[in-house]
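J.:
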Amino acid sequence: EPEVTQTPSHQVTQMGQEVILRCVPISNHLYFYWYRQILGQKVEFLVSFYNNEISEKSEIFDDQFSVERPDGSNFTLKIRSTKLEDSAMYFCASSGRTGRGDTQYFGPGTRLTVL
Amino acid sequence: LAKTTQPISMDSYEGQEVNITCSHNNIATNDYITWYQQFPSQGPRFIIQGYKTKVTNEVASLFIPADRKSSTLSLPRVSLSDTAVYYCLVGDAGFQKLVFGTGTRLLVSP
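Structure, rendered in structure tokens:
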């Protein structure tokens, strides 16, 4: 069964450093998303991406964040200058059809720890 | 996006059927109802999605009354491995952001 994959599974970084989280969405999917979940809190939407541009972004997704689809398979989330409060699980998701009622499938997540 | 209300937690025993009900009074005509399961430190896992009446797959059943203002996720014969948080989401999930609530924490005991 096709699945979303994410690398790395765990990333430890120093405050102020740049990190890139990588995702390989399901191959025939057209819509891509990033969510995050701070420990013990809700899953929060960050950004959605379609046709090589951002469709929607949340207030969390400020200028420190960017997304890119550098090739036909990868989808990345970059945090330019990490803060302590960026420590969280980051989940990539993808969905397929352009019609209604499609399903978003999530990856296993990357645990980001900012020291 | 329609707001959803579901119990904060539920307890069950292995082998029992578990029914988790979600209220979504403001559901829109285009909205689907989707349930996800999440284990600690893992991504949400899609369980089932429906629009009206009843949907069944190998994992669960979803019951939706005619007015669609609520839905019930039914897990037959739960096992210890079904201990997880279950989220009810309402929206046109194909290309909209998903808004997660706090979900229902299901604890299955031996």
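Protein chains in written order, with this note's numbering: chain D, 3 to 117; chain V, 4 to 113. By construction, the Cβ of each residue, glycine as well, lies at the ideal position given by its N, Cα and C atoms. Note that the coordinates shown come from a computational prediction; the quantities given were computed from them, not determined experimentally.
1) With the cut-off set at 7 Å, would you say residue 21/D and residue 62/D are in Cβ contact?
2) Is there at least one Cβ from chain D nearer than 7 Å to residue 42/V's Cβ?
3) I need the boundaries of the beta strand (DSSP E) containing residue 24/D, first residue and last residue.
4) So if DSSP puts residue 22/V in a beta bridge, which residue, or which two residues, is it bridged to?
5) Which word fits residue 30/V, buried or exposed, when buried means at least 16 other C-beta atoms lie within 10 angstroms of its C-beta?
6) In the DSSP assignment, the beta strand (DSSP E) including residue 14/V goes from what residue to what residue?
7) Look at the alpha carbon of residue 13/V and the alpha carbon of residue 108/V, and state the distance between them as a whole number of angstroms.
8) Considering only residues of the same chain and omitting the five flanking positions on each side of residue 57/D, which have a CB-CB separation below 7 Å?
9) When the Cα atoms are used, what is the spatial distance from residue 39/V to residue 50/V?
10) Quick test of your reading: residue 34/D and residue 77/D, contact by CB under 8 Å. State the CB separation rounded to the nearest angstrom.
11) Could you tell me which whole beta strand (DSSP E) segments of length 3 or greater appear in the stretch 79-108 of chain V?
12) When burial is assigned at 16 or more other CB atoms within 10 Å of the CB, is residue 23/V buried or exposed?
13) Helix, strand or coil, according to DSSP, for residue 86/D in the structure here?
14) Are the CB atoms of residue 93/D and residue 46/V nearer to each other than 7 Å?
T.: The short version:
1) no
2) no
3) 21-26
4) 77/V
5) buried
6) 12-16
7) 6 Å
8) 50 and 51
9) 5 Å
10) 5 Å
11) 87-94
12) buried
13) helix
14) yes
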